[in-house]
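Engineer:
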Amino acid sequence: MSIQDAATILQRLGPRRIAMDIAAEAELARELALLGCEIVDGAAAAHSGARSAGFLAWERADTGAAFTQALRSFDRLDTLILHSAGQPRHAIEPALFAAGWQRHPAGMMIGDYGAWSQYALPPLTFYQRAPKQGGGFLQQGSVEADALIARYALAATQVRPGDRVLIDGAGSSEGAAILAAQSRAGEILTVGPGTRQIAPDLASLADQSVDMIVAFAPSLPGDWTERLADFARVLKFDGRLLLGWRRTPGTNDGPQDWGSLVEMAGELFLPEHRFIQAPFGADPGGAHGLYPVPVEQEAGGDWLILSATANPLAGEGQSEGFDHPAFPKANGPWPALVDFGAAYDNPWLYRAMVQMGERLGHDLKLARLAECVIENSAPGSADRGAAIAVLGYRILELRLTNLADTIVGLIAAYLDEPVTDDTAAHVRRWRISLAFLAGKLHELTGDRDGAKAWYRRTAQTEWEGFSPLLTTKSIAACFFEARLWLAEGDADTAKARFREGLDIALKAVAFPHAEQLGPQNRPLPFYMQELAEVIDMGSQCANALANMPLWERDPGLFWRQVDIRRFGLASWARDLERENNRLRAA
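Using this note's numbering, you'd call the opening residue of the sequence shown number 1 and step up by one each time.
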């Protein structure tokens, strides 16, 4: 397990100096060294500091004085990695906490929760020096502490890059440490009486000033429904929430059932998912899970946990206050690629409706949001283009052939809007993206000629006004059109389309990228990855050209040489997941 253990250590702590018994842990030491860590022999050889960790393998049954003595070897270090062997948890953790250690904020990620129980630790656990005032629930070893850590680990998965996060409720200080270790939050605020905390009435927070609220048993200056209203006031128009209350019958400290929580939250926000936190079996001390279920589904457990999104339609007319937290104006100027505030009439729609991985997680509500935007936005706006794309891909995913023509009609009308020198870059983006979508929808309905025509339009539409990254659509259009020609026996036209896709990729690679990358010291994190996809897609067109002689010999042999998964990989994965869900339901 040395390779896997080394990868886990690096994932939690990053490359660093690690003190360990090299003779006893030769394989692990070698794997860590291969991952960039500096390995020193014995804790005495390590320097104190934030980049030094100790590794202790303790597989002996004795968890008393000998274990305590072994821990003293690492007194100068601030991080400890413990490899245990199933000894009773209640015998190990008290010694760790007494020696001044606390559980590392990144030590339990949400995917690790099921490996913890009240009986024994997972084989690999992580610790850091506790603050002088104590580590709170990070210095507790119990199922209850595990559960609270898991809830904050779940919250970390909901935080978007750059988010300003407000934590209100039990263990907020430790929760802030977990979010700082496990998310890319830009700023984390906590509610409490401390001088550096936000007062419980939230009066010091301006309206629409917070991107994410994490509230587990939040403080209640008034009724719990009033607290939701407080959250609605300070949350931005594209903000998110993760709310949780323990069921406490006979009190008004929080909602007592799902119906009450969802009803009240639904008046102020867009509820997305419920989460169940419960043991996997009948043993309350055994392994637990924390997982989402549809918001419409009844859920058990002691805790009522709900994720929700602010309604971005409320941000209509409020574009002047928009500042994307991952690309703040203060750190600009940024390229048009991420200048959402200037491109959208209501830029609050972008993260809530458009951005994959960040947008509204409830499919039906996302589709309804897109419908509302289509109905109410300006005909040639980026807002409408984005909404048509969201709704159109939903129809494509669900194979709703009866609605495909409706979306194609919306696309045609959108592309009929005039383009001038002043047309926003993001409008140009949606024009080419929607032309490609129209080609896919025509394939869905069996209109092959229509699909070819739309793919032609996509490939021939100018992309330089937005970004070379947009050529993923242009290249895919050439590839998909070539596929149609191959099926009809026209290899010469197919070959020309493959060549065109390759030429577009080469042109995109040769594009001057410096300005597109963003500030020199803070380049757009996704840019090079997506440019690599452009190159990869171009290479598949080249691959098809190189193997064309096989087409006449055996079309199946030819096609097996061409890896097509790049073209629509995300859609392919969603289709596979949906098919698997159908099989499970059957």
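Each residue gets a CB set at the ideal place from its N, CA and C atoms; glycine is no exception.
Considering Cα atoms alone, identify which of Trp-485, Ile-504 and Ser-467 is closest to Gly-518.
Structural biologist: Walking along the sequence shown from the start, residue 518 turns up at place 518. Measuring from the Cα of Gly-518, the nearest candidate turns out to be Ser-467.
Engineer: Count the other CB atoms within 10 Å of the CB of Arg-12; is the residue buried (16 or more) or exposed (fewer)?
Structural biologist: Here the question's residue 12 lines up with position 12 in the sequence shown. It is buried - the Cβ of Arg-12 has at least 16 other Cβ atoms within 10 Å.
Engineer: Indicate whether the contact test is met: 3 or more Cβ pairs, each with one atom in the segment 461-476 and one in the segment 488-508, closer than 8 Å.
Structural biologist: Yes, the segment 461-476 is in contact with the segment 488-508.
Engineer: Using 8 Å as the threshold, is the C-beta distance between Val-373 and Arg-384 below it?
Structural biologist: Translated into positions along the sequence shown, residue 373 becomes position 373. Translated into positions along the sequence shown, residue 384 becomes position 384. Yes, they are a contact pair.
Engineer: Would you list the one or two residues that DSSP bridges to Met-356?
Structural biologist: Indexing the sequence shown from 1 puts residue 356 at position 356. Paired residue(s): none; Met-356 is not in a bridge.
Engineer: Alpha carbon to alpha carbon, how far is Tyr-414 from Asp-492? Give it in angstroms, no decimals.
Structural biologist: Here residue 492 refers to the residue found at position 492 of the sequence shown. Here residue 414 refers to the residue found at position 414 of the sequence shown. Using only the alpha carbons, I get a separation of about 33 Å.
Engineer: Can you check whether the CB of Glu-272 is closer than 8 Å to the CB of Thr-309?
Structural biologist: Numbered from 1 along the sequence shown, position 309 holds the residue referred to as residue 309. Numbered from 1 along the sequence shown, position 272 holds the residue referred to as residue 272. Yes, Cβ-Cβ distance for Thr-309 and Glu-272 is below 8 Å.
Engineer: The alpha helix (DSSP H) that contains Gly-289, what's its start and end?
Structural biologist: To locate residue 289, count along the sequence shown from 1; it is residue 289. Element bounds for Gly-289: not the alpha helix (DSSP H) but the beta strand (DSSP E), 288-294.
Engineer: Taking its Cβ as the centre, do 16 or more other Cβ atoms sit within 10 Å of Val-293, making it buried, or is it exposed?
Structural biologist: If you number the sequence shown from 1, residue 293 lands on position 293. Under this definition Val-293 is an exposed residue.
Engineer: Which word fits Asn-311, buried or exposed, when buried means at least 16 other C-beta atoms lie within 10 angstroms of its C-beta?
Structural biologist: The residue you call residue 311 lines up with position 311 of the sequence shown. It is buried - the Cβ of Asn-311 has at least 16 other Cβ atoms within 10 Å.
Engineer: Should Met-528 be labelled buried (16 or more other beta-carbon atoms within 10 Å of its own) or exposed?
Structural biologist: As a working note, residue 528 is residue 528 in the sequence shown. Exposed, by the Cβ-count rule.
Engineer: Would you call Glu-515 buried or exposed, if buried means 16 or more other Cβ atoms sit within 10 Å of its Cβ?
Structural biologist: If you number the sequence shown from 1, residue 515 lands on position 515. Answer is exposed; the Cβ neighbour count stays below 16.
Engineer: What is the C-beta distance between Ala-476 and Trp-454, in whole angstroms, given that I count them as a contact (C-beta under 8 Å)?
Structural biologist: Numbered from 1 along the sequence shown, position 476 holds the residue referred to as residue 476. Numbered from 1 along the sequence shown, position 454 holds the residue referred to as residue 454. Incorrect: roughly 12 Å between the Cβ atoms, too far for contact.
Engineer: Measuring alpha carbon to alpha carbon, tell me which residue in Gln-277, Met-264 and His-426 is nearest Ala-335.
Structural biologist: The residue labelled residue 335 in the question sits at position 335 within the sequence shown. The sequence shown places Pro at residue 335, not Ala. It is His-426.
Engineer: Give the range of the beta strand (DSSP E) segment to which Pro-279 is assigned.
Structural biologist: Position 279 of the sequence shown, counted from the first residue, corresponds to residue 279. First-last of the beta strand (DSSP E) with Pro-279: 270-279.
Engineer: May I have the straight-line CA-CA distance separating Glu-25 from Ile-81, to the nearest angstrom?
Structural biologist: Residue numbering aside, residue 25 sits at position 25 when the sequence shown is read from its first letter. Residue numbering aside, residue 81 sits at position 81 when the sequence shown is read from its first letter. If I take the Cα positions, the gap works out to 13 Å.
Engineer: With DSSP run on the structure shown, which of helix, strand or coil describes Gly-587?
Structural biologist: The chain is shown from 1 up to 586; residue 587 falls before or after that span and cannot be answered.
Engineer: Can you check which of these residues, Ala-278, Ala-229 and Gln-297, is closest to Ala-265 by C-alpha distance?
Structural biologist: Here the question's residue 265 lines up with position 265 in the sequence shown. For Ala-265, the nearest C-alpha among the options comes from Ala-229.
Engineer: Taking Arg-431 as the reference, give the member of Lys-440, Val-419 and Gly-135 with the closest Cα.
Structural biologist: As a first step, residue 431 must be located in the sequence shown, where it is residue number 431. Selected option, being the one with the closest Cα: Val-419.
Engineer: Restricting to Cα atoms, I'd like to know which of Gln-133, Met-109, Gly-239 and Ala-217 is closest to Leu-124.
Structural biologist: For the purposes of this step, residue 124 is taken as the residue at position 124 of the sequence shown. Taking only the C-alpha atoms, the option nearest Leu-124 is Met-109.
Engineer: By Cβ distance below 6 Å, which residues in the same chain neighbour Glu-187 in space, the five residues on each side in sequence not counted?
Structural biologist: Position 187 of the sequence shown holds residue 187. Here the set comprises Arg-164.
Engineer: How many whole angstroms separate the CB atoms of Ser-183 and Val-159, which I take to be in contact at a CB cut-off of 8 Å?
Structural biologist: Along the sequence shown, read from residue 1 onward, the residue named residue 183 stands at position 183. Along the sequence shown, read from residue 1 onward, the residue named residue 159 stands at position 159. The Cβ separation is near 4 Å, so the contact holds.
Engineer: Please return the same chain residues whose Cβ sits closer than 6 Å to the Cβ of Gly-380, not counting the five positions on each side in sequence.
Structural biologist: Translated into the one-based positions of the sequence shown, residue 380 becomes position 380. For Gly-380, where only same-chain residues beyond five positions count, the Cβ hits under 6 Å are Glu-417.
Engineer: Taking contact to mean 3 or more Cβ pairs, one atom from each stretch, closer than 8 Å, check whether the segment 313-332 and the segment 255-265 are in contact.
Structural biologist: As far as the Cβ criterion goes, the segment 313-332 does not touch the segment 255-265, which means the pair count is below three.
Engineer: When the distance is taken between beta carbons, is Pro-200 closer than 8 Å to Ser-219?
Structural biologist: Taking the first residue of the sequence shown as position 1, residue 219 is located at position 219. Taking the first residue of the sequence shown as position 1, residue 200 is located at position 200. Yes, Cβ-Cβ distance for Ser-219 and Pro-200 is below 8 Å.
Engineer: Taking the alpha helix (DSSP H) that Arg-72 belongs to, which residues open and close that run?
Structural biologist: Start at 1 with the first residue of the sequence shown, and residue 72 comes out as number 72. Start and end: 65-72.
Engineer: Quick one: Cα of Ala-342 to Cα of His-90, how far?
Structural biologist: Taking the first residue of the sequence shown as position 1, residue 342 is located at position 342. Taking the first residue of the sequence shown as position 1, residue 90 is located at position 90. Spanning the two alpha carbons is a distance of roughly 57 Å.
Engineer: Nearest CA to the CA of Ala-215: which residue from Glu-533, Ser-539, Ala-386 and Ile-305?
Structural biologist: Indexing the sequence shown from 1 puts residue 215 at position 215. Measuring from the Cα of Ala-215, the nearest candidate turns out to be Ile-305.
Engineer: Tell me the DSSP secondary structure of Ile-92 in three-state form.
Structural biologist: On the sequence shown, residue 92 is found 92 positions in, with the first residue counted as 1. Helix, per DSSP.
Engineer: Who are the near neighbours of Ala-170 in its chain, counting only those whose CB is closer than 6 Å to its CB and skipping five residues on each side?
Structural biologist: Along the sequence shown, read from residue 1 onward, the residue named residue 170 stands at position 170. These residues qualify, in order along the chain: Phe-216 and Ala-217.
Engineer: Assuming Ser-319 and Asp-345 make a contact with CB atoms under 8 Å, what is their CB distance in whole Å?
Structural biologist: Here the question's residue 319 lines up with position 319 in the sequence shown. Here the question's residue 345 lines up with position 345 in the sequence shown. The Cβ separation is near 7 Å, so the contact holds.
Engineer: Determine the burial state of Met-356: buried for a count of at least 16 other Cβ atoms within 10 Å of its Cβ, exposed for fewer.
Structural biologist: Taking the first residue of the sequence shown as 1, we reach residue 356 at position 356. Burial call: exposed.
Engineer: Mark Leu-398 as exposed unless 16 or more other C-beta atoms lie within 10 angstroms of its C-beta, in which case mark it buried.
Structural biologist: Translated into the one-based positions of the sequence shown, residue 398 becomes position 398. By the 10 Å Cβ count, Leu-398 comes out exposed.
Engineer: Bridge partners of Glu-417, per DSSP?
Structural biologist: Position 417 of the sequence shown, counted from the start, is the residue given in the question as residue 417. None; Glu-417 has no bridge partner.
Engineer: Distance check for Gly-446 and Ser-550, CA to CA, integer angstroms please.
Structural biologist: Residue 550 sits at position 550 when you count from the first residue of the sequence shown. Residue 446 sits at position 446 when you count from the first residue of the sequence shown. The sequence as given places Leu at residue 550; Ser does not occur at that position. Cα to Cα, Leu-550 sits roughly 27 Å from Gly-446.
Engineer: With a CB to CB cut of under 6 Å and the five nearest residues on each side skipped, what residues in its chain are close to His-362?
Structural biologist: The count along the sequence shown starts at 1 and reaches residue 362 at position 362. Around His-362: Glu-272.
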